[in-house]
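**Q** The numbers in the numbering used here rise by one with no breaks, and the one at position 55 of the first sequence is 61.
All C-beta atoms in this analysis are idealised placements derived from N, C-alpha and C, irrespective of residue type, glycine included.
These numbers come from a predicted model, not from an experiment.
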Amino acid sequence: MARSLPRSFYDRPTLTVARELLGAILCRRLEGITLRARIVETEAYVGETDLACHARAGRTPRTDPLYGPPGMAYVYLTYGMHHLLNAVTEPKGNPAAVLIRAAEPLEGIAHMEKARGLSTPHLIGSGPARLAQAFGLDLAWNRTDLCGKDLWIEPGDPVPSRSIDTSPRIGCQNCPEPWASIPWRFYVADSRHVTPGRSRPKLLVTKPREFGNNRASRVRGTSHR
DNA sequence: GGATCGATCGGCT
DNA sequence: GCCGATCGATCCG
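Structure, rendered in structure tokens:
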């Protein structure tokens, strides 16, 4: 049952791994139960030249896992309170990884709901920090072998390319171009379990402005902090 | 439904 | 010191 993806799966170009991780099943063994969730959103971070990738700073104690063998977990803390899970990719020495951004709970859902403190299905794993919280992942999981027995990823039903959408990576707006705009985020287009607010490329929702009341002067609130 | 803002801390400049 | 690979509460429309 626990047929985890082999290390060779991760030992490939990061963009390929990011696409093919869609539909795969993230799993964690707990006492008595197994958590399973279908990955529906990923982002690729590729090397020191990618100025959105942590490896832009070179090899440091923090980024060291990115330089290690493929198939290892890279977990770090962001904003002082959120943990994010990555899968290290490409041959050893090539600092790159796939950020696992969102997943649809399949098994062990009650445990995930408890860990998240809520039970709204599409809010359990729809974001990298939410997913990490649902799975109980923190810094102790950094460098965990994803080809091991505690935390692993199983093959799932492949997502056809027509069902995959792309976008710029979230939270990289301040990076220099082309890194801010390069479409290295991949997600299952019709999934309700992706990061909210960015799943749909905004259809023709914008109504024609009827009253010429185009007040551009947006009062910039009295910024008292 | 969209925009804004505060929380909170490790790592790098 | 400064700034995040974020989330959730809150306010507004």
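Hey, how far is the Cα of R44 from the Cα of E183?
**A** Rounded to the nearest angstrom, the two C-alpha atoms are 32 angstroms apart.
**Q** Run through DSSP, which three-state label would L21 get?
**A** L21 falls in the helix class under three-state DSSP.
**Q** Quick one: what's got a C-beta closer than 6 angstroms to R25's C-beta in the same chain, skipping five residues either side?
**A** Closer than 6 angstroms at the Cβ level, and outside the excluded window around R25, lie F192.
**Q** For R35, which beta-bridge partners are listed by DSSP?
**A** T40, per the DSSP bridge assignment.
**Q** CA-CA distance, G177 and L83?
**A** Looking at the two C-alpha atoms, the distance is approximately 15 angstroms.
**Q** Give the range of the beta strand (DSSP E) segment to which H117 is assigned.
**A** No beta strand (DSSP E) contains H117, which is instead part of the alpha helix (DSSP H) from I115 to R122.
**Q** Would you mind working out which of T69, H117, Y80 and Y73 sits nearest E96, comparing C-alpha positions?
**A** Checking every option, the nearest Cα to that of E96 belongs to Y73.
**Q** Between L210 and the rest of its own chain, which residues show a CB-CB distance below 7 angstroms, the 5 nearest in sequence each way excluded?
**A** With a pLDDT of only 34 at L210, under 50, the local geometry of the prediction cannot be trusted, and the value read off the model is given with reservation. So no residue of the chain qualifies.
**Q** Relative to the C-alpha of S10, which residue among D196, G162 and C181 is closest?
**A** Out of D196, G162 and C181, G162 has the C-alpha closest to the C-alpha of S10.
**Q** Counting only runs that start and end within the stretch 32-102, where is the beta strand (DSSP E) found for 3 or more residues in a row?
**A** Taking only runs of at least 3 residues, the beta strand (DSSP E) segments lying wholly in the stretch 32-102 are 40-52, 79-84 and 88-94.
**Q** Can you list, in chain order, the residues of its chain with a C-beta nearer than 6 angstroms to that of A306? Leave out the 5 residues immediately preceding and following it.
**A** Because the chain is modelled from 7 through 231, residue 306 falls outside the range shown and cannot be assessed.
**Q** Classify A3 as buried or exposed, calling it buried when 16 or more other Cβ atoms lie within 10 Å of its own Cβ.
**A** Any question about residue 3 goes unanswered here, given that the chain covers just 7 to 231.
**Q** Closer than 7 angstroms by C-beta to A50: which residues in its own chain qualify, once you throw out the five before and the five after it? Chain order, please.
**A** Cβ neighbours of A50 beyond the five flanking positions: T20, L21, A24, V104 and W190.
**Q** For A108, does the three-state DSSP call read helix, strand or coil?
**A** Reduced to three states, the DSSP call for A108 is strand.
**Q** Please state whether the Cβ-Cβ distance between A195 and S173 is less than 8 angstroms.
**A** No, they are not a contact pair.
**Q** Assuming the contact rule is C-beta atoms closer than 8 angstroms, D61 and P111 should be a hit. Round their C-beta distance to whole Å, please.
**A** Just to set this straight, residue 61 is Ala in the shown sequence, not Asp. With 8 angstroms as the limit, A61 and P111 do not qualify as a contact, their Cβ atoms being about 31 angstroms apart.
**Q** Under three-state DSSP, which class holds S173?
**A** Strand at S173.
**Q** Can you tell me which residues form a DSSP beta bridge with E160?
**A** I31.
**Q** Beta-carbon within less than 6 angstroms of F15's beta-carbon, same chain only, minus the 5 sequence neighbours each way: which residues are those?
**A** Same-chain partners within the cutoff: there are none.
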